[in-house]
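Trainee: One structure, pasted below without further comment.
Number of protein chains: 4
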Amino acid sequence: MSAEPSRFTPRDPDFETRGRASYARQTFMSTLGAELGRVEPGEVEIVMPVAPHICQQHGFVHAGAISAIVDTACGFAAMTLMAKGAGVLTTEFKINLMSPGRGERLIAVGRVIRPGAKLMVTLGECFAEAGGERKLIAMMTATMMVMDTLGIVD
Amino acid sequence: MSAEPSRFTPRDPDFETRGRASYARQTFMSTLGAELGRVEPGEVEIVMPVAPHICQQHGFVHAGAISAIVDTACGFAAMTLMAKGAGVLTTEFKINLMSPGRGERLIAVGRVIRPGAKLMVTLGECFAEAGGERKLIAMMTATMMVMDTLGIVD
Amino acid sequence: MSAEPSRFTPRDPDFETRGRASYARQTFMSTLGAELGRVEPGEVEIVMPVAPHICQQHGFVHAGAISAIVDTACGFAAMTLMAKGAGVLTTEFKINLMSPGRGERLIAVGRVIRPGAKLMVTLGECFAEAGGERKLIAMMTATMMVMDTLGIVD
Amino acid sequence: MSAEPSRFTPRDPDFETRGRASYARQTFMSTLGAELGRVEPGEVEIVMPVAPHICQQHGFVHAGAISAIVDTACGFAAMTLMAKGAGVLTTEFKINLMSPGRGERLIAVGRVIRPGAKLMVTLGECFAEAGGERKLIAMMTATMMVMDTLGIVD
Chain W
72 MSAEPSRFTP
82 RDPDFETRGR
92 ASYARQTFMS
102 TLGAELGRVE
112 PGEVEIVMPV
122 APHICQQHGF
132 VHAGAISAIV
142 DTACGFAAMT
152 LMAKGAGVLT
162 TEFKINLMSP
172 GRGERLIAVG
182 RVIRPGAKLM
192 VTLGECFAEA
202 GGERKLIAMM
212 TATMMVMDTL
222 GIVD
Chain C
72 MSAEPSRFTP
82 RDPDFETRGR
92 ASYARQTFMS
102 TLGAELGRVE
112 PGEVEIVMPV
122 APHICQQHGF
132 VHAGAISAIV
142 DTACGFAAMT
152 LMAKGAGVLT
162 TEFKINLMSP
172 GRGERLIAVG
182 RVIRPGAKLM
192 VTLGECFAEA
202 GGERKLIAMM
212 TATMMVMDTL
222 GIVD
Chain V
72 MSAEPSRFTP
82 RDPDFETRGR
92 ASYARQTFMS
102 TLGAELGRVE
112 PGEVEIVMPV
122 APHICQQHGF
132 VHAGAISAIV
142 DTACGFAAMT
152 LMAKGAGVLT
162 TEFKINLMSP
172 GRGERLIAVG
182 RVIRPGAKLM
192 VTLGECFAEA
202 GGERKLIAMM
212 TATMMVMDTL
222 GIVD
Chain P
72 MSAEPSRFTP
82 RDPDFETRGR
92 ASYARQTFMS
102 TLGAELGRVE
112 PGEVEIVMPV
122 APHICQQHGF
132 VHAGAISAIV
142 DTACGFAAMT
152 LMAKGAGVLT
162 TEFKINLMSP
172 GRGERLIAVG
182 RVIRPGAKLM
192 VTLGECFAEA
202 GGERKLIAMM
212 TATMMVMDTL
222 GIVD
């Protein structure tokens, strides 16, 4: 849906190191088999191989697993633009599931659309990759809250 | 949010047996450690113990895992009202996350609000249970599509 | 969807007077022909007669007009629970349109589900009334932000 | 958010004439003062001057009026890709409101992301224009249903 280059300047130059360290503590992503790909200011990619343990009754990737990686990509995209010490929390998201989750792997891309001081609005997409081709299978909009309470900061 | 008794008459009297058999094929639910609870006409409950493998970086249950059980509860609630041989597919859902997912276990409840012939609109809730108390932590609205193509029927 | 009595205690005992005064400044509601009905702590009703100037090309009430009254009912429901001097702003909403908007009048009911200090989560419903019967035609979830900046307070 | 040229081939070469005729029957759009702008395959623009009769209590354009033009732009974008005689109905939409609706005029742009046979998924944006500058103030995702029942076709 997009072709613009990244146009955000991160407040914390160590945003990538910080993001990768935080991601490593996401046990659920490791349960899914999902790995962090590109981490750029305001844009993050997560890659998840299609595997039996994340499927539903028809053999496709479960909508919940798709949502999980797109939500996470959106959350980490928001985190790249936050100050050091701030944490991120999803307050809501909506996802449209357009095609079954199948193929070799799913790629979730999250992007910040509006980087507010308290709330960030993000747009996420999920692509299914098979035989070198990518197909858009889901689209998400999500609101991320900036948490500055030190207690729950990652 | 609700106190009305179930007021739907299922088309298939074997809706519960069929639902439980279909749920047993949801490998992702077993990955999450989520179990099917009550199955009534138009209303289904799923129970998921809080455990480290479904958490995010702050130690709370990942929004994606919460979404997965609420979406599944909504989908199976829709399935209880479908004819034998019909399958269900989530076309979209939106979730508002109101409090962190913590405690002993999460309980997702999905209910059919509008049982259309092609699309069913559902309302889902997620409660966190700790020390015998239940707290509403998330609310979802979801659209389920009735699939009558035999090919992908469960 | 609900049968519980109102269980919120308003911070401002003059919540109803304040709400009605604010509603009176909503020129868009008057453009729609929508009137404020019940105003209770955490729950507000808006009534809109079906009329040609709010319809779409098929002669039904436009989804945008339906959304407008449900969003407003949700926003004013949130406002009843806010401190004096606070304003309310919708940050997001999602609506499922289940049946055409027709009949004699539409009744929107907004209720606060989670009254957070900064964000309030609400659930809205829209009923079409005809011949003394009410039918649920739309369901909304919406997030309302509490604005304490005096500048834009109503 | 996008820079791709339109890449859809309409089934009905008269899609624009048909769309403009249908828009002319949308009395609600005329109540809002909203006019149909560009009509391309899979993409439609609607322009609404900011005016007092569409505002809320703080003097900004009401979220419901913003939603109405973005939903309509999405619906008409879907209609451009439908066969002659088919009608369009919004089944659900979600909107994130990112900045107040003010300035000289609002421009809604709706685009088809996934043109399914029964359901079309669309992405909408709303820009506020002032002094020759455009600012993105809202983002929507919406599902449009293709209606082939002749009875309610426009």
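Chains as they are written, first to last, in the working numbering: chain W, 72 to 225; chain C, 72 to 225; chain V, 72 to 225; chain P, 72 to 225. Glycine is no exception: its CB is placed at the ideal position from the N, C-alpha and C atoms. Owing to the predicted nature of the structure, the values given are computational and were not obtained by experimental measurement.
#1: For E175 (chain V), is the classification buried or exposed, using 16 other Cβ atoms within 10 angstroms of its Cβ as the cut-off for buried?
#2: Which residues in chain V sit within 7 Å of L103 (chain C), going by Cβ to Cβ distance?
#3: Could you compute how far the alpha carbon of A179 (chain P) sits from the alpha carbon of V118 (chain P)?
#4: Pick helix, strand or coil for G135 (chain C), following the three-state DSSP scheme.
#5: What does the Cβ neighbour count give for L152 (chain V), buried or exposed, with the cut at 16 atoms within 10 Å?
#6: So, at 6 Å on beta carbons, what are the nonlocal neighbours of V141 (chain P) in its own chain, with the 5 sequence-adjacent residues on each side left out?
#7: Within the same chain, show all residues whose beta-carbon is closer than 6 Å to that of K165 (chain P), passing over the 5 residues directly before and after it, in chain order.
#8: Just to make sure I have the definition right: I need the residues of chain P whose C-beta is within less than 7 Å of the C-beta of E163 (chain C). Which are they?
#9: Less than 8 Å between CB atoms is the rule here; does I178 (chain C) satisfy it with respect to chain W?
#10: Below 7 Å CB to CB, which residues in the same chain sit around R185 (chain P) once its five sequence neighbours on both sides are set aside?
#11: Could you check how far apart the C-beta atoms of C126 (chain C) and T98 (chain W) are, in whole angstroms? I think they sit under 8 Å.
#12: By the three-class DSSP mapping on this structure, what secondary structure does M191 (chain V) have?
#13: Here's the rule I'm using: 16 or more other beta-carbon atoms within 10 Å means buried, otherwise exposed. How should R78 (chain W) be labelled?
#14: In the region 89-142 of chain V, which residue ranges form an unbroken alpha helix (DSSP H) of at least 4 residues, counting only runs that do not cross its ends?
#15: Starting from the Cα of A144 (chain P), find the closest Cα among P:G104, P:A95, P:A188 and P:V110 and give me that residue.
#16: Are there 16 or more other CB atoms within 10 angstroms of the CB of E204 (chain W), so buried, or fewer, so exposed?
#17: Determine the chain C residues that contact V192 (chain V) at a beta-carbon separation under 8 Å, and present them in chain order.
#18: Quick check: what's the CA-CA separation for A209 (chain C) versus L168 (chain V)?
#19: Looking at the secondary structure, which residues open and close the beta strand (DSSP E) in which A164 (chain C) lies?
#20: Tell me which same chain residues have a C-beta within less than 8 Å of the C-beta of L103 (chain V), skipping the five on either side of it?
#21: What is the DSSP secondary structure of T216 (chain P), counted as helix, strand or coil?
#22: Excluding the five sequence neighbours on either side, which residues of its own chain have a C-beta within less than 6 Å of the C-beta of A157 (chain C), listed in chain order?
#23: Below 8 Å between beta carbons: does that hold for D83 (chain V) and K155 (chain V)?
#24: Indicate whether L177 (chain W) and V115 (chain W) have their beta-carbon atoms separated by less than 8 Å.
#25: Once the 5 residues before and after E200 (chain C) are set aside, which same chain residues still bring their CB inside 7 Å of it?
#26: For T13 (chain P), tell me which candidate among P:G113, P:L107 and P:M100 has the shortest Cα-Cα distance.
#27: Identify the continuous beta strand (DSSP E) that holds T179 (chain W) and give its terminal residues.
#28: Quick one: which chain C residues come within Cβ less than 9 Å of I137 (chain V)?
#29: State the Cα-Cα distance for the pair A105 (chain C) and G108 (chain W), rounded to the nearest angstrom.
#30: Where does A154 (chain V) sit, in a helix, a strand or coil, going by DSSP?
#31: Is there a Cβ of chain V sitting closer than 8 Å to that of F99 (chain P), yes or no?
#32: Can you check whether the CB of E163 (chain V) is closer than 8 Å to the CB of T214 (chain W)?
#33: Pull the bridge partners of C145 (chain P) from the DSSP assignment, please.
#34: To which residues does DSSP link R205 (chain V) through a beta bridge?
#35: Short of 8 Å in beta carbon distance, which residues of its chain neighbour A91 (chain W), apart from the five on each side in sequence? Order them along the chain.
Mentor: Reading it off the structure:
#1: Numbered from its first residue, the third sequence carries residue 175 (chain V) at position 104. Classification of E175 (chain V): exposed, given that the 10 Å Cβ count is below 16.
#2: Numbered from 1 along the second sequence, position 32 holds the residue referred to as residue 103 (chain C). The premise fails here: L103 (chain C) is roughly 24 Å from chain V at the closest Cβ pair, so nothing lies under 7 Å.
#3: Here the question's residue 179 (chain P) lines up with position 108 in the fourth sequence. Here the question's residue 118 (chain P) lines up with position 47 in the fourth sequence. For A179 (chain P) and V118 (chain P), the distance between alpha carbons rounds to 6 Å.
#4: One-based indexing of the second sequence puts residue 135 (chain C) at position 64. In the structure shown, G135 (chain C) sits in a helix (DSSP, three-state: H, G or I).
#5: Residue 152 (chain V) sits at position 81 when you count from the first residue of the third sequence. Counting other Cβ atoms within 10 Å of its Cβ, L152 (chain V) reaches 16 or more and is therefore classed as buried.
#6: On the fourth sequence, position 70 is the one that residue 141 (chain P) refers to. Shown here for V141 (chain P): same chain residues with a beta carbon closer than 6 Å to its own, the five before and five after excluded, namely A179, G195, C197 and M211 in chain order.
#7: Residue mapping note: residue 165 (chain P) aligns to position 94 of the fourth sequence, counting from 1. Within the same chain, and ignoring the five residues on either side of K165 (chain P) in sequence, the residues whose Cβ sits closer than 6 Å to its Cβ are T212.
#8: Numbered from 1 along the second sequence, position 92 holds the residue referred to as residue 163 (chain C). Correct list: E163 and T214.
#9: Locating residue 178 (chain C) in the second sequence gives position 107, where the first residue counts as 1. With respect to chain W, the C-beta atom of I178 (chain C) has no partner C-beta closer than 8 Å.
#10: Taking the fourth sequence and counting its residues from 1, one reaches residue 185 (chain P) at position 114. M191 and V192, listed in sequence order.
#11: As a first step, residue 126 (chain C) must be located in the second sequence, where it is residue number 55. As a first step, residue 98 (chain W) must be located in the first sequence, where it is residue number 27. The Cβ separation is near 5 Å, so the contact holds.
#12: What you label residue 191 (chain V) is simply residue 120 of the third sequence in a count that begins at 1. It is a strand residue.
#13: Taking the first sequence and counting its residues from 1, the one referred to as residue 78 (chain W) is at position 7. R78 (chain W) comes out exposed.
#14: Segments of the alpha helix (DSSP H) lying fully in the region 89-142 of chain V: 98-103.
#15: Locating residue 144 (chain P) in the fourth sequence gives position 73, counting from the first residue. For the residues P:G104, P:A95, P:A188 and P:V110, the minimum Cα distance to A144 (chain P) belongs to P:V110.
#16: Numbered from 1 along the first sequence, position 133 holds the residue referred to as residue 204 (chain W). An exposed status is given to E204 (chain W), since fewer than 16 other beta-carbon atoms sit within 10 Å of its beta-carbon.
#17: By one-based count along the third sequence, residue 192 (chain V) stands at place 121. The contacting residues are N167, M169 and M210.
#18: To locate residue 209 (chain C), count along the second sequence from 1; it is residue 138. To locate residue 168 (chain V), count along the third sequence from 1; it is residue 97. Roughly 21 Å separates the two Cα atoms.
#19: Within the second sequence, numbered from 1, the residue matching residue 164 (chain C) stands at position 93. Here the sequence assigns Phe to residue 164 (chain C), which means Ala is not the residue at that position. It spans G158 to L168 - the beta strand (DSSP E) in which F164 (chain C) sits, taken as one unbroken run.
#20: Along the third sequence, read from residue 1 onward, the residue named residue 103 (chain V) stands at position 32. Closer than 8 Å at the Cβ level, and outside the excluded window around L103 (chain V), lie M119, I125, A136, A139 and I140.
#21: Numbered from its first residue, the fourth sequence carries residue 216 (chain P) at position 145. Residue identity check: residue 216 (chain P) is Met in the sequence provided, not Thr. If DSSP states are grouped into helix, strand and coil, M216 (chain P) belongs with the strands.
#22: Walking along the second sequence from the start, residue 157 (chain C) turns up at place 86. Counting only Cβ-Cβ distances below 6 Å, and skipping sequence neighbours, we find V217 and D219.
#23: Counting from 1 along the third sequence, the entry for residue 83 (chain V) is found at position 12. Counting from 1 along the third sequence, the entry for residue 155 (chain V) is found at position 84. In this structure, K155 (chain V) lies closer than 8 Å to D83 (chain V) by Cβ.
#24: Here residue 177 (chain W) refers to the residue found at position 106 when the first sequence is read from its first residue. Here residue 115 (chain W) refers to the residue found at position 44 when the first sequence is read from its first residue. Going by C-beta atoms, L177 (chain W) is not nearer than 8 Å to V115 (chain W).
#25: The residue you call residue 200 (chain C) lines up with position 129 of the second sequence. G174, E175, R176 and I178, listed in sequence order.
#26: Nothing can be reported for residue 13 (chain P): it is not among the residues displayed for chain P, which extend from 72 to 225.
#27: Here the question's residue 179 (chain W) lines up with position 108 in the first sequence. Here residue 179 (chain W) is Ala; the residue named in the question, Thr, does not match the sequence. Its beta strand (DSSP E) spans residues R176 to P186.
#28: If you number the third sequence from 1, residue 137 (chain V) lands on position 66. Simply none; closest approach about 14 Å.
#29: For this step, residue 105 (chain C) is matched to residue 34 along the second sequence. For this step, residue 108 (chain W) is matched to residue 37 along the first sequence. Rounded to whole angstroms, A105 (chain C) to G108 (chain W) spans 29 Å at the Cα level.
#30: Taking the first residue of the third sequence as position 1, residue 154 (chain V) is located at position 83. When secondary structure is reduced to three states using DSSP, A154 (chain V) falls in the coil class, being assigned neither helix nor strand.
#31: Locating residue 99 (chain P) in the fourth sequence gives position 28, where the first residue counts as 1. It does: the Cβ of F99 (chain P) has a partner Cβ on chain V nearer than 8 Å.
#32: Translated into the one-based positions of the first sequence, residue 214 (chain W) becomes position 143. Translated into the one-based positions of the third sequence, residue 163 (chain V) becomes position 92. A contact, by the Cβ cut-off of 8 Å.
#33: Taking the fourth sequence and counting its residues from 1, one reaches residue 145 (chain P) at position 74. In the DSSP output, where bridge partners are listed per residue, C145 (chain P) has none listed.
#34: Stepping through the third sequence from its first residue, residue 205 (chain V) is reached at position 134. Partner(s): V:E200.
#35: Taking the first sequence and counting its residues from 1, the one referred to as residue 91 (chain W) is at position 20. Per the sequence shown, residue 91 (chain W) should be read as Arg rather than Ala. Taking R91 (chain W) as the centre and dropping the five residues before and after it, the same chain places the C-beta of L107 and V110 closer than 8 Å to its C-beta, in chain order.
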